[in-house]
Every structure is written in structure tokens, then in C-alpha cells.
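Down below is the structure, laid out as C-alpha cells.
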Amino acid sequence: MEYLIRFAQVHESFRQPEIQALADLAGIDLEFVYYDKYSPFCVIRVPDEAAARTLIARSILAKDIFELWGYGTNLDEVHADVRRRTTEARWADFQTDSFRFTVDSFAGKRSNDKKREIIQSFSFLGFQGPIRMKSPDQDFWVLEDYGWDVAATDAAAATPEGRSSTPILRPVPEGQEPKRIWFGRWLANSSRDVINKYDLKKRRYISTTSMDAELTLITANMAHAAPGKLFYDPFVGTGSFLVAMGHFGALNFGSDIDGRSFRGKEMIERGGTMGVLANFQQYEIVGQFLDVFSSDLTNTPLRAQPFLDGIVCDPPYGVREGLRVLGRREGLRNEEVIIDGVPAHLRPGYIAPKKPYGFEAMQNDILDFAARTLVIGGRMCMWMPTANDEDLELDTPMHPNLEVLSVSVQPFYNWSRRLITYRRLPEGQVSDVSKGRSRLDSEGVYADQLNSFRKKYFTKNPQYDNKEPRSGSATPAP
Amino acid sequence: MKLLTANFLTCAVKGCRAAASSYPLHFKDAELELQEVDFQPEFIHNIIPRIDWEGLRVMANELGFPKIPDSKPEGDALNDEQTMRDLHRLLLETHVVEGRLCCGNCGHEYMIKEGIANFLLPSHLGKTKNSIVEIQVYADGFAL
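Next up, the structure:
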């Protein structure tokens, strides 16, 4: 059977991967029949209505799902398609039910008179039941897509002046006819309203780098967070990911090199509740919270054996907060320090020294860690920033034991960040890593030397200002 | 820190990874607290196969919980509600709120304060080649 998903027109490159991840989680055989990144409407094929409902129930980027009754580029075609896809016997099933019709237009408008005319044109279905605008038994929708003015904007993007790969989209002028029309019976809503519940503005404990509710919930879906599973975030910060995964029933723990980030001011200064725990209490999911502790991924205390169902992380980009790992910068003395006859690190309040860390080294360490600790089939979702002039094709960090399932991009003005989803392969299977990111950090001991992303972020991109070929020397030495 | 978490932890010092005596870590001066949370049988069921049973027994004994079954529950035993509830209590409701976690190999002690453990190592125990030698020397000195 074919079903129509109505998506929110946001985070376009995350929409299909999210639905695919949910299908995999529920073991549903899914096929995309129609998808367009400029349209909220998507047609899929799944075995039955129950599968369609299951698929949509957890989705954050979908709004709702419909049983597809008809499709066409104009109403006559839709009517003909309804007669082809459904039988009069099927219509009779709903003959005495209360019902409602709604006309929904994307990127276009219809007057009320015109809407009524459209609804009346479906009178051949022969519904005799009462019309009820609130909670009807059957809810029918006419969904129209007028289409963004994409051709014009694509042309603009191709010109040298087109700075961004995201064109500005305009609704088509009034009075035009839609490009595509679908007719369907509404089945179920998604979990999109959950975003509001986890809104950062209403959360007790957050910081400048907390990720927004929508993206953390999407990440939790991609990572297959679900009841009975164990998840870990090695860069836990204020625990935004843990809360999202807790929402879906997984049990979570996290760590951070900076213990202040998860403790929070309340706990440090006033002996109050730990920040991350306070969030779990606020959402009444304390049972999904295990622990947080201070540790560093390069010297992790976690055992090198498969025990995690999933890892979710947004490693530091080294722009706002520097990349740090335990140790001292080379050239500085590195021996045990003794104060009053006691080794300094055994004294209360000891703070371990940290040194700048390479961006590529960190990503490789994360992949190695995931390969060691994920159970077979376990997933890792990792966020990663990229300067927009980097070669995207050759830029996904890979590991032979991890299969890259999806890469979704969230673009910003001159940089973007990507969510990469990996799956731990069974022993004996290896993924093709020849297309993976194989760069090494440049030599050096300071943050800018070690982190090419940071360097590019703070450097005016020459591509935007003149036509000179890019070269490493475009950046002044730090 | 819950006992479940502690079961997956070992010494963070690289040189201790290969040493059998670095696992499990040993609680010292542990102050325990019981914090009740919802019983989630599905989770207990999934996590038991991943638990290091010998490690759990050692830790539980050191903390004064003698009643741990000799062998890991398997098969039908995993459907026994009482066994699952006992393990839920031990793994998820028992917290170490204050104390230290010690490595049996190098002797390094990780502090636990207000339920939060600190596994950050001083720089001389970190990741450098000659640090392994340093650790040995350090461990000998510490044992005294």
C-alpha cells in the first residue's frame, strides 16, 4: 500500500534518513516512491496501515501520514486515480461515518469558495454520514503542492554570485494552479509536538553549546534509542542528547573532560542538584539516567568490549571551546608534582592539565572507541562541522568495522555541520573505507595548527572575495 | 555512581589495560545510598549478558552484598521476576555517593564525590611512551 507523509519543510536532508532509521528500528519494509527536497509531501510504500502508524509515531520531521487514495497534476486526474486505487466497496466502508474534508495548500493559496468547490468535487464517494469538524471518524485531506520557484533559484545559485548552496525559495504568485495534488485519508500524527516539551527555553539546565530539542530528538531516532537499550555520550556537556534518548526509553550515561559542564552552577556553588540530573527530573524520566563522570576519550576508563547499544555525540568543534585532551604541551615539564610531600594529583581540588588536541585525531579516536564498545548492529550518531569549501564527497570519517548509514547536512552561512550515522558491522564484515577521510592533523602544538576547521572558520574564505585559486598560503601564519 | 556503570569501568592508565588485576576497580571508603527508580525488566534482560559477572561479584562482596548468585542468570532464570528485581536493585538503585575507586594493578585512586567519579589522569600518567615505566615506579612507591 502507498501512504503519503507530510513533512515539515525543515532540515530536508535529515527527513529520509530519519524515516529510514525508524523503519529499520521497527523492521518495516520501506520504499520511497516519491521524494523531493523542496516539497513537504513524500509517498512511501509499506506493507499495511499498522506499519504506517508505527513508522510515523516517533518521527520528529514528519507531521502526519495519510492513506493515499489518489494523485494527479489536476483534480480530474486525482478523481480518476481515486477510482483506480480504491473501489466503491471501500468507499462504502465509510458511508455512514462522520467525516471532514480539509484542503491544505503548500506554497500557494485557495479562496474559501474554491476550497468548497474542490471538496464538493469528491461527492462521487457517496459519504452519507454527518460532517463533523471536531474529531470526525474519518478525516480526508486534499493536499496541494504549488512548488517553490526552484528553477529560478537554482539558476541563481549557479552564478558566481551565488554564495550559498541554499537558494532563497519563493511561493508561486497567486492565481496559479498547483503542480501536484494528493488525496488521502488521515491516519496518525507524528511526535513533532514533543519538540515543544523539550524546548531549551523551558529547560532547567542548558549552556551556550546545548543542542536544540528538534535536532537531539532526530539524532535519538537515527541512533535507534529505545526501551531496554544502553546509550553513552562521551561529550555529554549539559546532557541534551541524554534527555532526548531518555524520552525514547533508553538508559543513558555520559562523560565529559570538564566536570563543571554537567554539574552546573547550582551544584558547584550552592550544593544543589546536578545540572544534567535536574533536566531528567524536570521531564520525569529519572529512571532513564544512569551516571555522568569526568573522563577523557583518549584515556577512557570504559572497558574495550562491546556493551553499548549506541553512542551519540557532538564533539567540540574547537571554535567556542578549545579541543582539549589530558596532558601537557610538548616542551613543558611533565613529571609528577609533589606539594608538601603529597603528590599534587592526590590533593583535593586537583585539576589535571590539558593540552590542545587535533581535530582529525579526535574523530579517529571516536571511531576507534565506537568500534570497540558498540554491540553488533549498535549505532553511533556523530555531529561534525565542515567549512563549506571542503570536498564533501571525500570527507566522511570512516572505520572498517563501521558502516556509514547516512550523512545529513545542516547548512549555515559559511560552514555547515553534518550528522553521520554509523552501524557496527558483525565480525568478519568490513566496510569500504577507501573513500573515507584520510587526512592527518598538521604538525603543531597550538589550537589553530591542529584544527583545520577552526582555522578555516576564522579565516575569510578567499573563494567569496576573488577568483584566486585556493591554497594553504592564503591563511596568514598564526 | 551506580554499580552498573562501575561494572564497565577499568583503570584509565594505558599501561594497566593488559593487566588482569586492573579489573574490577575496588571501592574504598564507599558511602552507599539507595535511590529507587522504575523497574525496567526489558533493560535488565538486555544488559545481563553484557555484565562481567565475576567483576560484579567481587564489587558486591567488597561493598557487603553477599547474596550474589555464583553464576550469571541465563535462559529461564532471566524470566524470574525476583532475580530480575534483585539485580535491578543492585545495578540501578545502589549508588556509591562518596569514596574512591582503586586500580589493583597501579594503585591509582579515582575519587567519587557526590556520586560523580573523576577519571582524569595527571599528565605523568597520560599517553606517552615512557609513561609506562613511570607508572611502575609510581606504583611501587604508592604500595607503601
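From first to last, the protein sequence lines are chains C and R.
The first sequence begins at 1 in the UniProt record's numbering and counts up one residue at a time.
The second sequence begins at 1 in the UniProt record's numbering and counts up one residue at a time.
Just so it is clear, CB atoms sit at the ideal spot from N, CA and C, and this is done for glycine as well.
Remember, it's a predicted structure, so these values are computed and weren't measured experimentally.
(1) Which stretch, first to last residue, makes up the beta strand (DSSP E) that contains R:K28?
(2) Please state whether the Cβ-Cβ distance between C:I195 and C:I60 is less than 8 Å.
(3) Are R:S123 and C:G259 closer than 8 Å when you measure CB to CB?
(4) Out of C:G239, C:F231, C:A225, point me to the one whose CA is closest to residue 481 of chain C's CA.
(5) Does any CB atom of chain R fall closer than 8 Å to the CB of C:F253?
(6) Taking C-beta pairs closer than 7 Å, name the residues in chain C that R:F8 reaches, listed in chain order.
(7) Find the nearest neighbour of R:C106 within the set R:R50, R:C16, R:N46, judged by alpha-carbon distance.
(8) Using the beta-carbon of each residue, which ones in chain R are nearer than 9 Å to C:P227?
(9) What do you get for C:T298, buried or exposed, if any count of 16 or more other CB atoms within 10 angstroms of its CB means buried?
(10) Under 8 Å between C-beta atoms, does C:P17 make it to chain R?
(11) Beta-carbon of R:T94 versus every beta-carbon of chain C: anything under 8 Å?
(12) For C:S190 versus C:A92, is the C-beta distance shorter than 8 Å?
(13) Pick from C:I131, C:Y357, C:W186, C:L242: whose alpha carbon is nearest that of C:I311?
(14) For C:G162, does the three-state DSSP call read helix, strand or coil?
(15) Strictly below 7 Å CB to CB, what residues from chain R border C:R328?
(16) Does C:V292 get closer than 8 Å to chain R when you measure Cβ to Cβ?
(17) DSSP three-state call for C:N299: helix, strand or coil?
(18) Does R:V97 come out as helix, strand or coil in the three-state DSSP assignment?
(19) Considering only residues of the same chain and omitting the five flanking positions on each side of C:Q282, which have a CB-CB separation below 8 Å?
(20) Please check the pair C:A144 and C:I181, which I expect to be a contact at CB under 8 Å, by giving their CB distance rounded to whole angstroms.
(21) Kindly identify the DSSP beta-bridge partner or partners of R:K2.
(22) Please state the DSSP three-state secondary structure of residue 484 of chain C.
(23) Reducing DSSP to helix, strand and coil, say where C:A157 ends up.
(24) Whose Cβ in chain R lies nearer than 7 Å to the Cβ of C:P353?
(25) Does any CB atom of chain R fall closer than 8 Å to the CB of residue 496 of chain C?
(26) Apart from the five residues on each side of it in sequence, which residues of its chain come closer than 8 Å, Cβ to Cβ, to R:A143?
(27) Is R:R85 close to chain C? Criterion is C-beta to C-beta, closer than 8 Å.
(28) Where R:G75 and R:I68 are concerned, what is the direct C-alpha to C-alpha distance, given to the nearest angstrom?
(29) So C:P362 is in the alpha helix (DSSP H); what residue range does that whole segment cover?
(30) Should R:C11 go down as buried or exposed, given a rule of 16 or more other Cβ atoms within 10 Å for buried?
(31) Could you tell me if R:L56 is buried or exposed, where buried requires 16 or more neighbouring beta carbons within 10 angstroms of its beta carbon?
(32) Run the CB neighbour count on C:P234, radius 10 Å, all protein chains shown included, and call it buried at 16 or more, exposed below.
(33) Chain R partners of C:I257, CB-CB under 8 Å?
(34) Excluding sequence positions up to five away, which residues of its chain have a Cβ less than 8 Å from the Cβ of C:Q176?
(35) Quick one: what's got a C-beta closer than 7 Å to C:E336's C-beta in the same chain, skipping five residues either side?
(36) Where does the unbroken beta strand (DSSP E) through C:Y232 begin, and where does it stop?
Short version:
(1) 26-34
(2) yes
(3) no
(4) Chain C is shown only over 1 to 478; residue 481 of chain C falls outside these bounds and no answer can be derived.
(5) yes
(6) L302, R303, F307
(7) R:C16
(8) Q40, E42, F43
(9) buried
(10) no
(11) no
(12) no
(13) C:L242
(14) Reliability fails at C:G162, whose pLDDT of 40 lies under 50, so the model's placement of it is uncertain and no value is given.
(15) S123
(16) yes
(17) helix
(18) strand
(19) R203, R204
(20) According to the sequence shown, residue 144 of chain C is Glu rather than Ala. Rounded, the Cβ-Cβ distance is 5 Å, consistent with contact.
(21) R:H95
(22) There is simply no residue 484 of chain C to check, as chain C begins at 1 and stops at 478 in what is shown.
(23) Note that C:A157 scores a pLDDT of 48, beneath 50, so its modelled location is shaky; the value from the coordinates is reported in the next line. Helix, per DSSP.
(24) S123
(25) Any property of residue 496 of chain C remains undetermined from this structure, which presents chain C solely from 1 to 478.
(26) Summary for R:A143: the model assigns pLDDT 31, below 50, so the residue's position carries little reliability, and this model does not support an answer.
(27) no
(28) 17 Å
(29) Correcting the residue identity first, residue 362 of chain C is Met in this sequence and not Pro. Run containing C:M362: 359-373, per the alpha helix (DSSP H) assignment.
(30) buried
(31) buried
(32) buried
(33) L120
(34) G108, Y146
(35) P343
(36) 230-233
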